[in-house]
Each structure stands twice: as C-alpha cells, then as structure tokens.
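Each position in the sequence shown, counted from 1, maps to that position plus 23 in the numbering used here.
Step one of this worksheet: look at the structure below.
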Amino acid sequence: MIGVEYRDLDTREMMYGVTQELPFPGKLKLRGEIAGSEADQTEQEYLATRLATIATLKQAYYELHVVHQSLEIYQRNRMLLREFEESAKASYAVGRGAQQDVFRAQTEISRVLTRLAALDQQQLSLQAELNRILYRPPGTPLGVPEAPHMTPLRRSMDEFDALVDQSAPLLRAQMMSVERAQKAVRLAHREYYPDFEISAGGMREEPMGKDGYRVMLNVRVPLYYAQRQRFEVRGAVAGREAAFNDLQSTKQELLFRIQDNVAQVRRSEELVTLLESALIPQARLTLSSAQAGYSVAKVDFLTLLNALLTLQDNELELHMEIAAHEQAMARLEEIIGEPP
Numbered sequence: 024m025i026g027v028e029y030r031d032l033d034t035r036e037m038m039y040g041v042t043q044e045l046p047f048p049g050k051l052k053l054r055g056e057i058a059g060s061e062a063d064q065t066e067q068e069y070l071a072t073r074l075a076t077i078a079t080l081k082q083a084y085y086e087l088h089v090v091h092q093s094l095e096i097y098q099r100n101r102m103l104l105r106e107f108e109e110s111a112k113a114s115y116a117v118g119r120g121a122q123q124d125v126f127r128a129q130t131e132i133s134r135v136l137t138r139l140a141a142l143d144q145q146q147l148s149l150q151a152e153l154n155r156i157l158y159r160p161p162g163t164p165l166g167v168p169e170a171p172h173m174t175p176l177r178r179s180m181d182e183f184d185a186l187v188d189q190s191a192p193l194l195r196a197q198m199m200s201v202e203r204a205q206k207a208v209r210l211a212h213r214e215y216y217p218d219f220e221i222s223a224g225g226m227r228e229e230p231m232g233k234d235g236y237r238v239m240l241n242v243r244v245p246l247y248y249a250q251r252q253r254f255e256v257r258g259a260v261a262g263r264e265a266a267f268n269d270l271q272s273t274k275q276e277l278l279f280r281i282q283d284n285v286a287q288v289r290r291s292e293e294l295v296t297l298l299e300s301a302l303i304p305q306a307r308l309t310l311s312s313a314q315a316g317y318s319v320a321k322v323d324f325l326t327l328l329n330a331l332l333t334l335q336d337n338e339l340e341l342h343m344e345i346a347a348h349e350q351a352m353a354r355l356e357e358i359i360g361e362p363p
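This is the structure we're talking about:
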C-alpha cells in the first residue's frame, strides 16, 4: 500500500510512505499449495465427468443397436407368422388342422405388432437421448447403428486394482481432496502465529527544508486469537477426516463396480459363445424341421410356433448380451480412465 499526505498549515508538510503486509513464514506457501490441490481436484473431476458422458453415450448407442436389431427380428417373424396363419387356415379348411391354430397365429401376430409399437417409441426416445448428449436438436436424424464387435477384456483383476489407484479420475479427485485437507490442517496450525506489517515513510517540511524518515514493524495479533484458532484447527481436522473417509468409500465403491462389470463381461462372453455356436444354429434347424413337418401334417402347429418363438428369443438374447458386454466395457473405461 502506498500513501501520500499533504498538509497546508502554518508550515507545509508532505508525507509519503509504503506499507506491506507479511504473512508469517510458510502461510503463503501453504495457501498456494491448497489452491494447487483444489485446481488438481477440479481437473480430475472434469475428467471423471467427461468419461461419464462418453460412457452414457456408448450405453445409449448400444441400446439403440439392440432396438434396431429387435425391430428387424420382429418384422421378419411377423411375415413368417402371416405365412403360418395362412397355412393354418388351409389346414383347417381341409380338416387337417384346428381352428384354434389360426387363432394362435393371429394372437402371436398381435403380440408382435404390440412389441413393434413399443420398440418404435423406444427408438425415438433413444435417438432423442443421443442427440441430447451430443447437444443436438432432439429430432436430428441418426443413421442405423453399426453392429458392435465384442471387445476382448485384456486386464486381470490385479491390474484393475492397481489402475484404480493410478488413473481412476474419481479416486484421484478424492486424493486431491485429502491432500488439500491435510494442508488446510497445517495452515490452521500455522495461523496461531501472528502476521507482520512493515511500513516505511518520509516527510518533508517547507519552507524549512527539513526531511525525516520512519520505519515501523507491526505485529498483528487478533483478539481472542487462540480460542478462534482452536476452533479452526478442529474444523480443519474434521474436514481432513471426512475427506479421508470419502476417499476410502470411493475406492471401495469403484472396486465393487469393477468386479461387477468384469463379471458382466465374462458372463456375456460365455452366453454369446453358447448362443452363436449352439443355441441359435440348433433353433434354426428345429424351426426348419418343424416347418417341413407341419407342411405334411407330421408336426402340430404349437410345435411349429414354439420353434419360431425359441429362435426369436435366442436371437434377441444374442444382441442384448453383445450390447450388455460392450456397455460393461464402457463402464470399466469410465472407472479407470483407460480401455479395459
């Protein structure tokens, strides 16, 4: 602070000086370190938010893929059910089938139409959700999502455990919070020591032409400072303990989420392999055999219908499991900040 004073009395005086506050050694450094820790924490929180947004986008995209595939499956099966209905009508007309077979085909067609309507609505909702995440108008058209490929899981649980401490943004943010809280405790203890104020000035008296100088060192000791600082230290210590507890809680939550998503990935891998290598090929053969058998009255309509529905369920499950696999991989990447 710089000050100038001019007095015009019997004698003219001009006074000038500078004043500088000096915190007790170490206080200013700690305040700077606290600000740095807060900046680092904010950066990690930004990275965590960015990764969460990407994961949300991926999960909505894979869900949209499931809806598109489901629409194709149901539309294809609706055409097959129309054929089954006509076959059931023809069999009933010549006395080889029952009228209830016609009703069953019509009922299943109605169910498919209901499901198609629900999927159309779900598709519109997911498209709007994707546009919202991408900051685009809700009605912006989207293309047909590409079929996702099964991304292999390359890391072990031990590697995931190590990566949580090294690169997980959420945990890194909590670490910065603990670091900031520890420095805040040190600063609170340092506040017991007084700050200083040094001032220097000069004076010139006219017309005598005399000059004078002064230098002062002030010690700033607030009233009741000891009691106030005790409360500040207690508050800082409580904040440090809370930050440490949050750190431990966040780490346990992240480890649980990793284990849960790894289990989901492995489960989906096993089911996709089983569906692609056994269940779906077998279901297709069963349906072809049932169609051939029904055409010569060796298989009843219910067997034919069940064969179609079994294949339908298996195909739907395949696409859902592939999407679930990739969604779990996206969540793992969100947690550790790196491809899993």
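Backbone N, C-alpha and C fix where the C-beta goes; we use that ideal spot for every residue, glycine too.
Beta-bridge annotation (DSSP): Arg-243 is paired with Asp-218. Note on Lys-206: 16 or more other CB atoms within 10 angstroms of its CB, so buried under the neighbour-count rule. Val-90 is positioned such that its CB atom lies closer than 8 Å to that of Leu-142. The DSSP-derived three-state label of Arg-159 is coil.
For the 8 Å CB-CB criterion, Arg-280 and Ile-358 form a contact.
Cβ contact annotation for Glu-86 (same chain, cutoff 7 Å, sequence separation greater than five): Leu-149, Ala-346, in chain order.
Secondary-structure assignment with DSSP links Leu-45 through a beta bridge to Phe-219. Put simply, of Phe-47, Gly-49, Ala-353, Ala-62 the residue whose alpha carbon is nearest the alpha carbon of Met-199 is Ala-62. Assignment of Asp-63 by DSSP, reduced to helix, strand and coil, places it in the helix class. Contact annotation: the segment 296 to 316 does not touch the segment 112 to 119, with fewer than three C-beta pairs closer than 8 Å. Secondary structure of Val-90 (DSSP, three-state): helix.
By the neighbour-count criterion, in which 16 or more other beta carbons inside 10 Å mark a residue as buried, Leu-308 falls on the exposed side. The segment 206 to 217 makes contact with the segment 56 to 74: 3 or more CB pairs, one atom from each, lie closer than 8 Å. Between Leu-331 and the set Tyr-69, Arg-251, Glu-131, the nearest pair of CA atoms involves Glu-131. Distance between Gln-123 and Lys-321, taken at the CA atoms: about 18 Å. The C-beta separation of Ala-351 from Asn-284 comes to about 4 Å, placing the pair in contact by the 8 Å criterion. For the pair Leu-294 and Val-187, the CB atoms are not nearer than the 8 Å cut-off. Of the candidates Tyr-216, Phe-107, Ala-196, the residue whose Cα lies closest to the Cα of Leu-325 is Phe-107. Contact check for Glu-264 against Ile-303 fails: the beta carbons are separated by 8 Å or more. Secondary structure at Ala-196: helix, using DSSP grouped into helix, strand and coil. If you draw a straight line from the Cα of Asp-184 to the Cα of Val-167, it comes to about 37 Å. Counting the other CB atoms within 10 Å of its CB gives Asn-268 a total below 16, which places it among the exposed residues. If you check the CB distance, Arg-354 and Ala-71 do not come in under 8 Å. DSSP places Ala-301 in no alpha helix (DSSP H); its state is neither H nor E.
Secondary structure at Lys-81: helix, using DSSP grouped into helix, strand and coil.
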